[in-house]
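Order-wise, the sequence lines are chains A and B. Start counting the first sequence at 107; every next residue gets the next number (the numbering used here). Start counting the second sequence at -14; every next residue gets the next number (the numbering used here). To start, the structure itself, in structure tokens.
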Amino acid sequence: MSGGYAIALAALSKIARRWNQTGQKFAGEPDIATSFFPEHTTIMWILIIVTYLDVCQRICRRMIPWLSLQFAAPLSTLLILIAFTFKLAFTSADAPELLRDMKLFNPLLNAVQKFSLVAQARAVFIGIALGLTAAVIVPKLKWPQSHRKQSAQGTKAPLPFPITH
Amino acid sequence: MDLSGIETTTTFLLLHYSTFFAFGGSNAISSVDLSNAYNGVNSYNILAVGILTFVSNWAGPIWWVSAARLLFQERWRRRRDAKGSGSDDRTNHIALLTLFVSTSLLAVMVACSMLRTHLFIWTVFSPKFLFSMAWSLADHLVVNVAFGSLISWVDSM
């Protein structure tokens, strides 16, 4: 099992080093961010969407102890949708060649055309502040450490709490 | 993997610096990425743009500060005595990080002082000195010490 870990770690570290080539010797070498992704924009957007969905489910799980699932899921999805829309809008303004094969996102882009990038970014920041409050601050205020019995299971995982309706 | 407190801190330190370079940072001023520096900012506002520039370039290291907290939590959960070694681990963590950053800062300052008439003083030494300022003042004091203490305070609430 430790051999598998070592191989995975080696592969991941190779990928991490190749993501952005910096340094005196390798600065001009082709790297993932500037030569692979512009060629294969579909893979890039799939990875971006997977990352955003991962963050979404982490936020949702953290809110579940005090909000039931039917409120936590739409709220976290809304936050991620706003953030992803801002990313799309910024990319279409900054580097439209990365979106040339992704006609799928055009309806979303057209829908938010009338909002400026500054307004969208501020919406994302406000959403993140609210999400931070809802996911981290409120659970800590509602269930402070001193009142919870010392369990070996850990003190912050939301899974032991029942999902209420 | 059963890591001791110092080993956890060392893991964090290595990955803290690695993610900075993995995301495209280097010791050259030209690699400072300004693409996210004006998110939500209408015109030049030195505080907002400065903070956004720093946060967008140090995004990996800042993430690792909260991930280090998770590493410590897992270690304490495995050891089953959360309070006893917790403050020791936290103190050792800050101490080791301060040692690392102050030693590298000392080395850079000595090099810049002794080689102040060197040919490369503007092309190599002063960018390195500026980055050392960013690492020691902004990253160490604000992110590692202040933000890290805020995280551990919220986590222990």
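Here a beta-carbon is modelled for each residue, glycine too, at the ideal position from N, C-alpha and C.
Between isoleucine 188 (chain A) and glycine 233 (chain A) the beta-carbon gap is near 5 angstroms, inside 8 angstroms, which marks them as a contact. Using a CB distance cut-off of 8 angstroms, valine 242 (chain A) counts as an interface residue toward chain B. Residues of chain B with a Cβ closer than 7 angstroms to the Cβ of alanine 117 (chain A) do not exist; the shortest Cβ-Cβ separation is about 14 angstroms.
Taking C-beta atoms as the reference points, leucine 82 (chain B) and asparagine 129 (chain B) count as a pair closer than 8 angstroms. Straight across, the Cα-Cα distance linking histidine 1 (chain B) with lysine 193 (chain A) is about 25 angstroms. Interface criterion met: the Cβ of glycine 9 (chain B) is under 8 angstroms from a Cβ in chain A.
DSSP places glycine 237 (chain A) inside the alpha helix (DSSP H), whose first and last residues are 223 to 238. Residue-level contact by beta carbon fails for threonine 197 (chain A) and chain B, as no gap is shorter than 8 angstroms.
The residue among B:Asn77, B:Asp140 and B:Leu37 with its C-alpha nearest the C-alpha of alanine 22 (chain B) is B:Leu37. About 6 angstroms separates the Cβ atoms of leucine 223 (chain A) and phenylalanine 196 (chain A), confirming a contact at the 8 angstroms cut-off. Taken in chain order, the complete alpha helix (DSSP H) segments of 4 or more residues contained in the stretch 108 to 174 of chain A are 108 to 125 and 147 to 169. Counting only residues of its own chain and dropping the five nearest sequence neighbours on each side, histidine 78 (chain B) has a CB closer than 6 angstroms to the CB of Thr(-6). For serine 3 (chain B), the enclosing alpha helix (DSSP H) covers residues -10 to 7. Within 10 angstroms of the beta-carbon of valine 242 (chain A) lie 16 or more other beta-carbons, which makes it buried.
A distance of 8 angstroms or more separates the beta carbons of glycine 133 (chain B) and alanine 227 (chain A). The beta carbons of phenylalanine 6 (chain B) and threonine 140 (chain A) sit no closer together than 8 angstroms.
Annotated as proximal: asparagine 126 (chain A) and phenylalanine 8 (chain B), with beta-carbon spacing under 8 angstroms. Residues of the stretch 143 to 160 of chain A with a C-beta atom less than 8 angstroms from some C-beta of chain B do not occur. Secondary structure note for methionine 118 (chain B): its alpha helix (DSSP H) is the uninterrupted segment 110 to 118. Comparing alpha carbon positions, the residue from B:Asp74, B:Ile136 and B:Ala33 closest to leucine -12 (chain B) is B:Asp74. In the structure shown, histidine 78 (chain B) falls within a helical segment according to DSSP collapsed to helix, strand and coil. Annotation for glutamine 219 (chain A): no alpha helix (DSSP H) segment contains it, and DSSP assigns it neither H nor E.
A direct Cα-to-Cα measurement between glycine 45 (chain B) and leucine 175 (chain A) gives close to 30 angstroms. Put simply, the backbone Cα of leucine 236 (chain A) is about 37 angstroms away from that of glutamate 145 (chain A). Note that the C-beta distance between tryptophan 49 (chain B) and phenylalanine 105 (chain B) is not below 8 angstroms. Cβ contact annotation for alanine 53 (chain B) (same chain, cutoff 6 angstroms, sequence separation greater than five): Phe(-3), in chain order.
DSSP places phenylalanine 57 (chain B) in the uninterrupted alpha helix (DSSP H) bounded by 44 to 64.
In terms of CA proximity to serine 121 (chain B), B:Leu90 leads the group B:Met142, B:Leu90 and B:Met99. Neighbours of glycine 25 (chain B) across chain A, judged by C-beta separation under 7 angstroms: Val224, Ala227, Arg228 and Phe231. Around the beta carbon of valine 230 (chain A), a 10 Å sphere encloses 16 or more other beta carbons of the protein chains shown; the residue is thus reported as buried. Around lysine 246 (chain A), the beta-carbon contacts reaching into chain B at under 7 angstroms are Val139 and Met142. Chain-ordered, the chain A residues with CB closer than 8 angstroms to the CB of serine 20 (chain B) read Asp200. By the beta-carbon neighbour count (other beta carbons within 10 angstroms, threshold 16), isoleucine 186 (chain A) is buried.
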